[in-house]
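Asker: In my numbering, the protein residues as written are 1319 to 1489.
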Amino acid sequence: MPVFVFSFFRVKGIDVTFSLLRRLSGLTLHECFQTIKKISGTFPEYATRDRKQVILKKINEIKYFFHLNSLFFENASKILQKLWGILNNTTDRIVAGTVSALALISIHNNSLKLSFICQKIEIAHSSVIYQVKKLVKNLGFTGFTKLNESQELLCSEVLKKVIGIQVIVIK
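(1) According to the neighbour-count rule (16 or more other Cβ atoms, all chains shown, within 10 Å of its Cβ), is K1356 buried or exposed?
(2) For A1421, count neighbouring Cβ atoms within 10 angstroms of its own Cβ and tell me buried if that reaches 16, exposed if not.
(3) For L1347 versus P1320, is the C-beta distance shorter than 7 Å?
(4) In chain order, what are the residue ranges of uninterrupted alpha helix (DSSP H) at least 4 long that sit wholly in the segment 1393 to 1426?
(5) Distance, Cα to Cα, L1405 vs G1344?
(6) Exposed or buried, which one is A1394 when buried takes at least 16 other CB atoms within 10 Å?
(7) If you measure from the CB of V1321, is any heavy atom of the ligand GTP nearer than 6 Å?
(8) What do you get for K1376, buried or exposed, if any count of 16 or more other CB atoms within 10 angstroms of its CB means buried?
(9) Ignore the nearest five residues each way along the sequence and tell me which others in L1497's own chain have a CB closer than 6 Å to its CB.
(10) Among V1413, V1323, S1325 and N1387, which one has its Cα closest to the Cα of L1430?
(11) Tell me which same chain residues have a C-beta within less than 8 Å of the C-beta of E1440, skipping the five on either side of it?
(12) Taking the straight line between their C-alpha atoms, what separation do you get for Q1437 and V1480?
(13) From this set, T1408, K1455, F1390 and G1458, which residue's C-alpha is nearest A1442's C-alpha?
(14) From this set, G1415, V1454, C1473 and N1466, which residue's C-alpha is nearest S1445's C-alpha?
(15) If you measure between the beta carbons of S1424 and L1477, is that distance less than 7 Å?
(16) Could you name each continuous alpha helix (DSSP H) segment of 4 residues or more that falls completely within the segment 1435 to 1488, going from the start of the chain to the end?
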């Protein structure tokens, strides 16, 4: 029964984590996947749901929670559209966190720490770092070390050249 509820919520765009499903159902990871596979006929929308919309909804929640400006969301939307092919193989929350990190860099918001966003959306900070590192590598750029130390690379190469975002320069 919990797997049906989980699938229904996910189809409706309600944010429910897989770990919560496992904890409440008492099922193993394998049993959860098998059950989701079995009921996929009941909820075909689950497999075909618009993940981008779910992710943008999560990013919008971040925008409002942390009182970020509209440019943050606009840039996040562009980043998501442009990099979807590289980012789509992980969870919606991790994609939202990764895109939010890049959007924060694009507006040079150094007052909000990525760890606060990660905490808000219940993901590990290291997951975002891993995704950004993978993204930079897939785009053929070298020199990424850490988010703070690689902001120039991310701004000039990834955000400006690949995505076409005019990065705000604060002096």
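Using N, Cα and C, we set each Cβ at its ideal position, and we do this for glycine too. Please read these numbers as outputs of a predicted model, since none were measured by experiment.
Answerer: Per the coordinate set shown:
(1) exposed
(2) buried
(3) no
(4) 1410 to 1424
(5) 30 Å
(6) buried
(7) Of the ligands one can find in the structure shown there are none, so the ligand GTP has no counterpart to examine.
(8) buried
(9) Since the displayed the chain opens at 1319 and closes at 1489, residue 1497 lies outside it and no answer follows.
(10) N1387
(11) T1335 and R1411
(12) 29 Å
(13) T1408
(14) G1415
(15) yes
(16) 1443 to 1456
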